[in-house]
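Peer 1: Residue numbers (this note's numbering), protein chains in the order written: chain A, 131 to 528; chain B, 131 to 528.
Backbone N, C-alpha and C define an ideal beta-carbon position, used for all residues, glycine too.
1) In the stretch 434 to 458 of chain A, which residues sit with their C-beta less than 9 Å from some C-beta in chain B, listed in chain order?
2) Closest to residue 151 of chain A by CA distance: which of A/296, A/351, A/379, A/199 is it?
3) Considering only residues of the stretch 343 to 412 of chain B, which uninterrupted beta strand (DSSP E) runs meet the minimum length of 3 residues and lie entirely inside it, listed in chain order?
4) Kindly say whether residue 364 of chain A, judged by its beta-carbon, lies nearer than 8 Å to any beta-carbon of chain B.
5) Curious, which full-length beta strand (DSSP E) runs of at least 3 residues does the stretch 412 to 485 of chain A contain?
6) With three or more beta-carbon pairs closer than 8 Å as the criterion, would you say the stretch 387 to 406 of chain B touches the stretch 205 to 225 of chain B?
7) Taking the DSSP output, what are the residues bridged to residue 499 of chain A?
8) Locate the alpha helix (DSSP H) running through residue 514 of chain A, then write down its first and last residues.
9) Given a cut-off of 8 Å, decide if residue 482 of chain A and residue 535 of chain A are closer than it, judged by their beta-carbon atoms.
10) Listed in chain order, which residues of the stretch 365 to 398 of chain A have Cβ atoms closer than 9 Å to some Cβ of chain B?
11) Starting from the C-beta of residue 340 of chain B, find all residues in its chain whose C-beta is less than 8 Å away, skip the five residues before and the five after it, and write them out in chain order.
12) Examine chain B for any beta-carbon lying closer than 8 Å to the beta-carbon of residue 331 of chain A, and answer yes or no.
13) Are the C-beta of residue 520 of chain B and some C-beta of chain A separated by less than 8 Å?
14) Look at the alpha carbon of residue 528 of chain B and the alpha carbon of residue 359 of chain B, and state the distance between them as a whole number of angstroms.
15) Roughly how far, in whole angstroms, is the beta-carbon of residue 353 of chain B from the beta-carbon of residue 490 of chain B, given that I think they are within contact range, below 8 Å?
16) Which parts of the stretch 152 to 223 of chain A are runs of the alpha helix (DSSP H), unbroken and 4 residues or longer, counting only runs that do not cross its ends?
17) Which full runs of the beta strand (DSSP E) of 3+ residues lie inside the stretch 230 to 298 of chain A, going along the chain?
18) Give me the residue from A/505, A/502, A/385, A/254 with the minimum Cα distance to residue 262 of chain A.
19) The alpha helix (DSSP H) with residue 308 of chain B in it runs from where to where?
20) Can you look up residue 300 of chain B in the DSSP assignment and give me helix, strand or coil?
21) Please list the partners that residue 432 of chain B has in chain A, where partner means a Cβ-to-Cβ separation under 7 Å.
22) If we count Cβ pairs, one from each stretch, closer than 8 Å, do we get three or more for the stretch 134 to 151 of chain B versus the stretch 227 to 235 of chain B?
23) What separation, rounded to the nearest whole angstrom, lies between the Cα atoms of residue 165 of chain A and residue 142 of chain A?
24) Does the beta carbon of residue 528 of chain B come closer than 8 Å to any beta carbon on chain A?
25) Whose C-alpha, out of A/171, A/192, A/197, A/219, is nearest the C-alpha of residue 466 of chain A?
26) Evaluate residue 287 of chain A with the Cβ neighbour count: other Cβ atoms within 10 Å of its Cβ, from every protein chain shown; 16 or more gives buried, anything less gives exposed.
27) Return the CA-CA distance between residue 375 of chain A and residue 473 of chain A, expressed in angstroms with no decimal places.
28) Residue 394 of chain A and residue 416 of chain A - do their beta-carbons sit closer together than 8 Å?
29) How is residue 528 of chain A classed by DSSP in three states: helix, strand or coil?
30) So is residue 369 of chain A buried or exposed if we call it buried at 16+ other beta carbons inside 10 Å?
31) For residue 413 of chain B, count the other beta carbons within 10 Å of its own beta carbon; 16 or more makes it buried, fewer makes it exposed. Which is it?
32) What's the call for residue 266 of chain B, buried or exposed, on a 16-neighbour Cβ count within 10 Å?
33) Within the chosen definition, does the stretch 291 to 311 of chain A reach the stretch 243 to 253 of chain A through at least 3 CB pairs nearer than 8 Å?
34) Along the beta strand (DSSP E) that carries residue 335 of chain A, what are the first and last residues, could you check?
35) Would you kindly check if the distance between the Cβ of residue 298 of chain B and the Cβ of residue 278 of chain B is under 8 Å?
36) Is the CB-CB distance between residue 146 of chain A and residue 197 of chain A below 8 Å?
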């Protein structure tokens with residue numbers, strides 16, 4: 131990268147690679163979150179101690195190879211929250227990327243650098259990863275399109291894990307058609323499981339709209355109308371009679387247990403230095419009550435069955451990706467935590483159930499972006515990407 | 131019938147037939163609505179002129195033969211609203227059956243005699259037919275179980291039609307296990323269409339609960355809790371953002387057009403005498419604006435797609451079968467029409483979309499029964515009948 135004015139890339143990483151001379155992504159440039167291995171480069175996972183203790187990667191992650199072989203040119207590695215465990219996008223070691231769409235606000239995380247690089251126009255698309263919102267939230271905050279695909283549909287080989295049963299490989303683009311083109315390279319064919327071959331009806335998820343700030347809900351009314359122009363009038367539905375806070379709590383406990391199982395060994399062996407917030411979250415993960423984690427897993431099974439049955443015939447959920455635009459830089463840790471809880475009650479819907487979610491940057495609140503999410507049954511990612519392009523077109527933004 | 135104290139049967143019809151000596155329904159007695167042909171008997175369709183002009187039936191309807199061959203004994207033919215075109219259960223020619231569960235109230239129609247015969251304990255089960263609510267409403271009013279199966283799943287050969295794309299062969303029983311046993315004889319195997327093999331989640335249809343009188347909603351709270359104990363907490367949903375009145379209007383127009391196409395020729399040729407209400411409804415059917423009927427058919431296609439997609443994975447709708455218990459005898463025609471409109475906005479859900487609906491007599495308002503309906507995707511009738519038995523068991527009524 132020659133001119134990284136928003137600080138999206140890992141300083142000094144110099145990981146440029148030319149794509150194949152021909153292919154469906156020829157002419158597009160991309161970046162990858164610094165948790166995907168590139169042969170000959172150190173993967174930092176956002177933390178200097180991680181980089182030092184893991185050294186140079188031997189092989190390139192298959193998903194990156196697939197993009198290179200499809201003709202896209204790699205521009206470099208982007209910043210991530212340390213060990214992908216945070217939603218604001220802050221990184222005290224590499225510096226927090228500037229949110230190009232709202233410079234006085236957080237970029238969102240953990241895939242902060244990828245979102246910022248796309249938002250600033252430095253690349254056409256960028257890979258992130260999403261465990262509990264790490265693609266969807268920075269996409270919403272930075273005003274770009276983003277997808278968290280069906281869990282398990284895109285390989286995470288050669289990528290650092292946080293919670294393997296939640297982790298997904300997602301990506302960002304400014305243009306919904308580019309988001310879909312990347313999907314054509316990375317995603318398997320859709321599998322509608324015999325439950326119909328289209329999308330619809332549209333379900334307006336009341337829990338999540340009520341959870342959103344009034345300004346966010348108003349800002350996304352036009353985007354909802356565009357979606358309704360394609361799928362018919364939305365049916366109001368509530369997905370979590372037990373409350374979104376309960377969803378968040380179960381997600382947090384089940385995911386924390388996995389985070390510690392995945393990363394606790396390295397943390398115990400290495401005693402790495404962590405920035406504020408990350409350290410506390412791993413301490414909480416270490417101390418997670420096994421009974422709470424088990425309750426979280428049990429709830430997850432029930433919730434997943436509920437969601438998959440509801441969506442099996444093609445229904446599409448619609449709700450604000452984040453309940454508010456990005457929080458302003460410099461707000462207190464308590465305020466950040468409140469935002470985090472309200473946000474993850476919503477991101478937990480697709481997170482718990484492994485559903486594909488596309489976020490569309492079709493709203494603005496006080497000049498800052500906020501996204502509308504469309505969510506479908508597992509295996510309908512390509513249909514969903516097509517729908518996102520159509521909705522954007524209906525908004526006059528395609 | 132030796133003692134028809136509630137006037138459920140066609141006076142003097144003497145249509146008793148012994149069932150096969152062996153079979154899954156051996157030991158059960160049943161009655162059939164007088165729109166199913168019995169060889170050697172006149173089918174009146176509730177109207178003397180119909181009987182006179184059609185004469186003696188040559189063959190028995192296959193559905194009746196199937197029941198006889200399964201060992202059930204036929205006790206006779208039951209009263210119906212004339213040409214099945216009415217919901218109160220009134221018949222000026224044969225007399226309106228008494229509602230055994232609430233003698234000062236209408237029995238509900240059009241399958242009034244079958245519901246009354248079952249409710250009074252005169253037979254174990256009875257066949258009705260349901261176009262716009264003609265099984266579900268008398269079942270709710272008379273306090274018995276009833277099913278309107280998936281459209282097209284049970285033969286209507288040898289039965290008089292009203293609106294062929296809406297007409298279904300349904301039945302009543304006091305015991306949900308008997309309702310299910312009859313289904314095992316009459317229904318094809320379930321076909322879940324690849325969209326999963328169970329039932330759930332439970333969807334509480336807000337439109338229909340709000341449409342119900344407050345007393346009805348309260349009276350069915352225990353039944354809802356029983357259903358939730360089996361399928362998990364219900365998710366609130368609204369099915370008709372355009373309003374239940376719109377559903378009713380589209381149903382009315384599309385169905386009236388079919389009613390006239392089906393029966394108008396006979397009416398024009400025969401100039402039959404009709405009782406009050408029936409005459410006016412056929413006059414309206416004759417004068418139905420083709421544009422309104424076409425709009426009804428177009429809406430029906432959209433609504434059907436919406437419902438089938440929503441239910442494809444196994445979701446079950448729950449709502450009060452009728453918004454109130456049976457209206458009291460002697461209320462004005464205007465009051466009857468108001469009840470009819472509020473009722474058919476709800477019955478139109480399954481009616482338009484061809485969905486199976488089971489009504490469970492699990493509520494009482496001012497001493498009169500009211501039913502809870504469970505509705506699933508087409509092809510899940512047997513699962514639904516099993517669920518009804520389980521819900522009744524959970525209420526301590528099985």
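Peer 2: The short version:
1) 435, 436, 437, 438, 439, 440, 441, 442, 443, 444, 445
2) Translated into positions along the first chain, residue 151 of chain A becomes position 21. Closest by alpha carbon: A/199.
3) 365 to 367
4) By one-based count along the first chain, residue 364 of chain A stands at place 234. Chain B, which has a Cβ nearer than 8 Å to the Cβ of residue 364 of chain A, makes this yes.
5) 446 to 450
6) yes
7) Numbered from 1 along the first chain, position 369 holds the residue referred to as residue 499 of chain A. For residue 499 of chain A, which the question treats as bridged, DSSP gives the partners A/494.
8) The sequence position of residue 514 of chain A within the first chain is 384, counting from 1. Run containing residue 514 of chain A: 511 to 524, per the alpha helix (DSSP H) assignment.
9) The displayed coordinates of chain A run from 131 to 528. Any statement about residue 535 of chain A would go beyond what the structure contains.
10) 365, 366, 367, 368, 369, 370, 371, 372
11) Counted from its first residue, the second chain places residue 340 of chain B at position 210. Result list for residue 340 of chain B: empty, nothing under 8 Å.
12) Here residue 331 of chain A is taken as the residue at index 201 of the first chain, counted from 1. Yes, residue 331 of chain A counts as interfacial toward chain B.
13) Your numbering for residue 520 of chain B matches position 390 in the second chain. No, its Cβ sits nowhere closer than 8 Å to a Cβ of chain A.
14) Position 398 of the second chain holds residue 528 of chain B. Position 229 of the second chain holds residue 359 of chain B. Caution applies to residue 528 of chain B, whose pLDDT of 43 falls short of 50 and renders its modelled position unreliable; the value that the coordinates give is listed next. Distance between the alpha carbons of residue 528 of chain B and residue 359 of chain B is about 15 Å.
15) Counted from its first residue, the second chain places residue 353 of chain B at position 223. Counted from its first residue, the second chain places residue 490 of chain B at position 360. Indeed they touch by this definition, with Cβ atoms about 6 Å apart.
16) 178 to 184, 192 to 199
17) 255 to 260, 275 to 278
18) Within the first chain, numbered from 1, the residue matching residue 262 of chain A stands at position 132. Closest option to residue 262 of chain A, Cα to Cα, is A/385.
19) Stepping through the second chain from its first residue, residue 308 of chain B is reached at position 178. Taken as a continuous stretch (DSSP letters only), the alpha helix (DSSP H) holding residue 308 of chain B covers 306 to 316.
20) As a working mapping, residue 300 of chain B is identified with position 170 in the second chain. Note: residue 300 of chain B maps to strand in three-state DSSP.
21) As a working mapping, residue 432 of chain B is identified with position 302 in the second chain. Within 7 Å Cβ-Cβ: 362.
22) yes
23) The residue you call residue 165 of chain A lines up with position 35 of the first chain. The residue you call residue 142 of chain A lines up with position 12 of the first chain. Spanning the two alpha carbons is a distance of roughly 16 Å.
24) Numbered from its first residue, the second chain carries residue 528 of chain B at position 398. Confidence at residue 528 of chain B is low in this model, with a pLDDT of 43, below 50, so the placement of that residue should be treated as unreliable; the coordinate-derived value is given next. Not an interface residue.
25) The residue you call residue 466 of chain A lines up with position 336 of the first chain. It is A/219 whose Cα lies nearest to the Cα of residue 466 of chain A.
26) As a working note, residue 287 of chain A is residue 157 in the first chain. By the 10 Å Cβ count, residue 287 of chain A comes out exposed.
27) In the first chain, the residue the question calls residue 375 of chain A occupies position 245. In the first chain, the residue the question calls residue 473 of chain A occupies position 343. The alpha-carbon atoms of residue 375 of chain A and residue 473 of chain A are separated by roughly 10 Å.
28) On the first chain, residue 416 of chain A is found 286 positions in, with the first residue counted as 1. On the first chain, residue 394 of chain A is found 264 positions in, with the first residue counted as 1. Their beta carbons are under 8 Å apart, which means residue 416 of chain A touches residue 394 of chain A by this criterion.
29) In the first chain, the residue the question calls residue 528 of chain A occupies position 398. Low local confidence applies: a pLDDT of 42 at residue 528 of chain A is under 50, so the model's placement there is unreliable, and no value is given.
30) The residue you call residue 369 of chain A lines up with position 239 of the first chain. The residue in question, residue 369 of chain A, is buried, as its Cβ has 16 or more Cβ neighbours within 10 Å.
31) Here residue 413 of chain B is taken as the residue at index 283 of the second chain, counted from 1. The residue in question, residue 413 of chain B, is exposed, as its Cβ has fewer than 16 Cβ neighbours within 10 Å.
32) Position 136 of the second chain, counted from the first residue, corresponds to residue 266 of chain B. Counting Cβ neighbours within 10 Å, residue 266 of chain B comes out buried, since at least 16 surround it.
33) yes
34) Locating residue 335 of chain A in the first chain gives position 205, counting from the first residue. 332 to 335 is the span of the beta strand (DSSP E), which, as asked, contains residue 335 of chain A.
35) As a working mapping, residue 278 of chain B is identified with position 148 in the second chain. As a working mapping, residue 298 of chain B is identified with position 168 in the second chain. A contact, by the Cβ cut-off of 8 Å.
36) Looking up residue 146 of chain A in the first chain gives position 16. Looking up residue 197 of chain A in the first chain gives position 67. Not a contact, by the Cβ cut-off of 8 Å.
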